[in-house]
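Student: One structure, as structure tokens, below. Some questions next.
In the UniProt record's numbering, the protein residues as written are 1 to 530.
The following block contains the structure:
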């Protein structure tokens with residue numbers, strides 16, 4: 001950043017004053033997001049064919065966003081395949097190798113591999129009018145468009161679009177997500193009312209991009225917390241609690257709005273006589289379903305966010321630092337520096353690892369790969385002998401009998417969701433149980449299933465418990481509390497709200513306790529409660 005420079009003001013016309021507007025800098029930044037594609041395209045062998053690189057770049061970002069945040073995020077090769085097909089469709093007479101080169105060039109440019117995936121940096125000017133003088137500042141703008149991340153579950157590297165790329169895709173300027181989605185919903189609804197399904201499909205795609213952008217903020221916060229809690233400690237003490245509360249309210253609003261839009265689309269599907277209109281409406285419904293799925297996953301991240309912070313605070317605060325003994329430093333380094341480079345490399349690396357502590361995993365870069373390939377091969381230490389395998393005994397019987405699970409599922413089906421926990425317990429007491437199953441066992445399992453669903457972070461290592469709860473309450477059941485006490489003999493705590501979907505939970509929470517469930521029946525005198 002440079003010192004402000006001053007000069008005589010130009011004429012006081014609307015044209016000359018536009019550069020001083022506060023939104024002018026945002027327009028410049030939005031324009032710069034497309035500049036990397038025009039960098040060295042003219043020096044390529046296929047430059048004369050005039051491929052539409054901006055369209056291919058936006059198509060790549062759109063393809064990445066469509067699977068971002070899910071288990072099957074887009075890889076580099078998959079993105080190349082998408083762009084290769086588009087390049088081949090625009091220039092079918094050109095060879096297939098050229099289509100591959102164009103696709104790889106677009107992705108490498110979005111990743112900035114020419115600068116080893118460093119952020120794009122551009123110098124921009126910021127003008128302001130103060131009294132009768134013009135002030136100027138030269139600023140450095142940094143941004144990324146696409147980044148690579150390690151996916152350990154798939155043992156591969158995946159692509160993710162940054163907030164800057166999403167802004168470029170959904171409109172170019174940075175607005176508040178809630179305001180932008182509210183405005184987009186209004187446009188979307190009016191397009192549906194007018195029957196403009198083609199425009200409505202583009203609005204639905206824009207909504208999906210905004211949902212990805214919102215989820216990316218929460219994902220980045222949790223990632224920074226796990227990596228180094230000190231870098232975000234101030235945010236957790238000031239803005240994060242408000243952010244999480246706002247996110248929960250945002251999810252409730254989005255689920256309600258998307259449900260209304262889905263109902264509108266389904267009505268259009270029922271009455272559509274034109275096949276293209278019906279196909280477009282079906283695609284819009286699929287996009288809205290995807291947005292609902294993303295918001296459900298975002299809700300899961302928000303639920304465990306506080307526990308992630310507390311667990312990482314404990315883990316990083318009490319984590320033992322890498323330590324070694326205290327030898328004679330002078331004698332050690334004198335002998336080490338006297339060794340040849342090849343002999344000194346291994347002990348120097350071991351010393352650095354022990355003193356610096358654990359290091360985060362590194363993604364493969366082209367420069368590092370070449371250095372590793374050219375480095376001499378290191379001898380692999382012999383494998384330790386395999387341990388003696390103990391005799392495998394018989395499988396332990398399940399913690400909960402299948403008959404109890406089936407009886408609990410029957411109680412939930414007969415009662416129906418959404419419902420309060422007190423309603424389910426009362427129904428279990430009055431239901432007819434099969435032979436060998438008691439109402440007390442069914443009540444106890446219902447409470448456990450509801451608690452497992454309410455606290456998913458507590459069952460990361462008990463997949464059987466999660467499966468049992470899903471068999472009773474449903475695979476996407478949600479549980480929350482409004483603070484109402486549980487008035488059932490033998491039980492104490494909150495009267496939890498149980499629903500099959502987020503939308504049902506939200507509607508149940510808006511009702512009064514009298515509307516949610518009938519009063520619990522008195523307990524039978526011959527039953528004992530835990």
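The beta carbon of each residue, even a glycine, is placed where N, CA and C say it ideally should be.
1. Given that a residue counts as buried once 16 or more other Cβ atoms are within 10 Å of its Cβ, and exposed if not, what is residue 443?
2. Count the other CB atoms, across all protein chains shown, that sit within 10 Å of the CB of residue 286; report buried if there are 16 or more and exposed otherwise.
3. Cα separation between residue 85 and residue 296?
4. Who are the near neighbours of residue 259 in its chain, counting only those whose CB is closer than 6 Å to its CB and skipping five residues on each side?
5. So the alpha helix (DSSP H) residue 84 belongs to, where does it begin and stop?
6. Could you tell me if residue 120 is buried or exposed, where buried requires 16 or more neighbouring beta carbons within 10 angstroms of its beta carbon?
7. Quick one: complete alpha helix (DSSP H) runs, 4+ long, within the segment 415 to 460?
8. May I ask which residues mark the beginning and end of the alpha helix (DSSP H) holding residue 267?
9. Quick one: Cα of residue 474 to Cα of residue 315, how far?
10. Three Cβ pairs or more, each shorter than 8 Å: is that satisfied between the segment 434 to 442 and the segment 494 to 501?
11. By the DSSP assignment, the beta strand (DSSP E) with residue 136 in it spans what residues?
12. Could you tell me which of 251, 148, 110 sits nearest to residue 300, measuring between CA atoms?
13. Count the other CB atoms, across all protein chains shown, that sit within 10 Å of the CB of residue 480; report buried if there are 16 or more and exposed otherwise.
14. Quick check: the Cα distance between residue 311 and residue 298, rounded to an integer number of angstroms?
15. If you drop the 5 nearest sequence neighbours on each side, which residues of the same chain put their C-beta closer than 8 Å to that of residue 59?
16. Pull up the CB-CB distance for residue 400 and residue 445, whole angstroms please, since I reckon it's below 8 Å.
17. Return the first residue and the last residue of the beta strand (DSSP E) that residue 156 is part of.
18. Does DSSP put residue 236 in a helix, a strand or coil?
19. Per the contact definition of three or more C-beta pairs closer than 8 Å, is the segment 255 to 269 in contact with the segment 217 to 228?
20. Can you tell me whether residue 374 sits near the ligand SAH, meaning its C-beta is under 8 Å from at least one heavy atom of the ligand?
21. If I'm right that residue 63 touches residue 74 with Cβ under 8 Å, what's the distance once you round it to whole angstroms?
22. Apart from the five residues just before and just after residue 292, which ones in its own chain have a Cβ nearer than 6 Å to its Cβ?
23. In its own chain, which residues sit with a C-beta less than 8 Å from the C-beta of residue 306, not counting the 5 before and 5 after it?
24. On the criterion of 16 or more Cβ atoms from any shown chain inside 10 Å, does residue 432 qualify as buried, or is it exposed?
25. Less than 9 Å separating the beta-carbons of residue 147 and residue 117?
26. Tell me the rounded alpha-carbon separation between residue 160 and residue 131.
27. Below 9 Å between beta carbons: does that hold for residue 145 and residue 165?
28. For residue 51, which residues does DSSP report across the bridge?
29. For residue 24 and residue 127, what's the separation of their Cα atoms in angstroms?
30. Looking at the structure shown, is residue 106 part of a helix, part of a strand, or coil, going by DSSP?
31. For the candidate residues 482, 429, 471, 76, whose alpha-carbon lies nearest to that of residue 490?
32. When DSSP labels each residue in this structure, what does residue 147 get in the three-state scheme?
33. Using a threshold of 9 Å, state whether the C-beta atoms of residue 418 and residue 486 are closer than that.
34. Counting C-beta neighbours from all protein chains within 10 Å, is the total for residue 339 16 or more, i.e. buried, or is it exposed?
35. Tell me the rounded alpha-carbon separation between residue 377 and residue 370.
Tutor: This is what the structure holds:
1. The sequence position of residue 443 within the chain shown is 443, counting from 1. It is buried - the Cβ of residue 443 has at least 16 other Cβ atoms within 10 Å.
2. Residue numbering aside, residue 286 sits at position 286 when the chain shown is read from its first letter. By the 10 Å Cβ count, residue 286 comes out exposed.
3. Position 85 of the chain shown, counted from the first residue, corresponds to residue 85. Position 296 of the chain shown, counted from the first residue, corresponds to residue 296. One Cα belongs to residue 85, the other to residue 296, and the distance between them is close to 33 Å.
4. Working through the chain shown from its first residue, we reach residue 259 at position 259. Only 503 meet the Cβ criterion.
5. Here residue 84 refers to the residue found at position 84 of the chain shown. Looking at the DSSP string, the run of the alpha helix (DSSP H) that includes residue 84 is 76 to 90.
6. To locate residue 120, count along the chain shown from 1; it is residue 120. Counting Cβ neighbours within 10 Å, residue 120 comes out buried, since at least 16 surround it.
7. Secondary structure remark: continuous alpha helix (DSSP H) runs of at least 4 residues inside the segment 415 to 460, in chain order: 421 to 430, 439 to 454.
8. Reading the chain shown from its first residue, position 267 is the one you call residue 267. Element bounds for residue 267: 240 to 271.
9. The sequence position of residue 474 within the chain shown is 474, counting from 1. The sequence position of residue 315 within the chain shown is 315, counting from 1. The straight-line gap from Cα to Cα measures roughly 34 Å.
10. Because the criterion of three Cβ pairs below 8 Å is not met, the segment 434 to 442 and the segment 494 to 501 do not touch.
11. Working through the chain shown from its first residue, we reach residue 136 at position 136. For residue 136, the enclosing beta strand (DSSP E) begins and ends at 133 to 143.
12. In the chain shown, residue 300 corresponds to position 300, counting from 1. Residue 300 has its Cα closest to that of 251, out of 251, 148, 110.
13. By 1-based counting over the chain shown, the position of residue 480 is 480. Within a 10 Å sphere around the beta-carbon of residue 480 sit 16 or more other beta-carbons, which makes this residue buried.
14. If you number the chain shown from 1, residue 311 lands on position 311. If you number the chain shown from 1, residue 298 lands on position 298. Cα to Cα, residue 311 sits roughly 20 Å from residue 298.
15. Sequence index remark: in the chain shown, residue 59 carries index 59 (1-based). Same-chain partners within the cutoff: 82, 83, 86.
16. Translated into the one-based positions of the chain shown, residue 400 becomes position 400. Translated into the one-based positions of the chain shown, residue 445 becomes position 445. Rounded, the Cβ-Cβ distance is 6 Å, consistent with contact.
17. Against the chain shown, residue 156 aligns to sequence position 156. Residue 156: member of the beta strand (DSSP E) spanning 156 to 161, first to last residue.
18. As a working note, residue 236 is residue 236 in the chain shown. Three-state result, residue 236: helix.
19. No, the segment 217 to 228 is not in contact with the segment 255 to 269.
20. The ligand SAH is not part of this structure, which contains no ligands at all.
21. Residue numbering aside, residue 63 sits at position 63 when the chain shown is read from its first letter. Residue numbering aside, residue 74 sits at position 74 when the chain shown is read from its first letter. That pair is a contact at about 6 Å.
22. Position 292 of the chain shown holds residue 292. Sequence-distant partners of residue 292 (beyond 5 residues in either direction) whose C-beta falls short of 6 Å from its own C-beta, in its chain, are 258.
23. Reading the chain shown from its first residue, position 306 is the one you call residue 306. Excluding residues within five positions, the ones whose Cβ falls inside 8 Å are 244.
24. Within the chain shown, the letter at position 432 stands for residue 432. Exposed, because fewer than 16 other Cβ atoms sit within 10 Å of the Cβ of residue 432.
25. On the chain shown, residue 147 is found 147 positions in, with the first residue counted as 1. On the chain shown, residue 117 is found 117 positions in, with the first residue counted as 1. With contacts defined by Cβ atoms closer than 9 Å, residue 147 and residue 117 form a contacting pair.
26. Counting from one through the chain shown, the residue named residue 160 turns up at place 160. Counting from one through the chain shown, the residue named residue 131 turns up at place 131. Here the alpha carbon of residue 160 sits roughly 45 Å from the alpha carbon of residue 131.
27. For the purposes of this step, residue 145 is taken as residue 145 along the chain shown, with counting starting at 1. For the purposes of this step, residue 165 is taken as residue 165 along the chain shown, with counting starting at 1. Cβ distance < 9 Å, so residue 145 and residue 165 count as in contact.
28. Mapped onto the chain shown, residue 51 falls at position 51. According to DSSP, residue 51 shares a beta bridge with no other residue.
29. Position 24 of the chain shown, counted from the start, is the residue given in the question as residue 24. Position 127 of the chain shown, counted from the start, is the residue given in the question as residue 127. In this structure, the alpha-carbon of residue 24 lies about 9 Å from that of residue 127.
30. On the chain shown, position 106 is the one that residue 106 refers to. The answer is helix: DSSP assigns residue 106 an H, G or I state.
31. As a first step, residue 490 is located in the chain shown; it is residue number 490 there, counting from the start. Residue 429 is the option with its Cα nearest to residue 490.
32. As a position in the chain shown, residue 147 is number 147, starting the count at 1. Residue state for residue 147 is assigned as strand, using DSSP reduced to three classes.
33. Taking the chain shown and counting its residues from 1, the one referred to as residue 418 is at position 418. Taking the chain shown and counting its residues from 1, the one referred to as residue 486 is at position 486. Not in contact: residue 418 and residue 486 (Cβ atoms no closer than 9 Å).
34. Stepping through the chain shown from its first residue, residue 339 is reached at position 339. Classification of residue 339: exposed, given that the 10 Å Cβ count is below 16.
35. Here residue 377 is taken as the residue at index 377 of the chain shown, counted from 1. Here residue 370 is taken as the residue at index 370 of the chain shown, counted from 1. Their Cα atoms are separated by approximately 13 Å.
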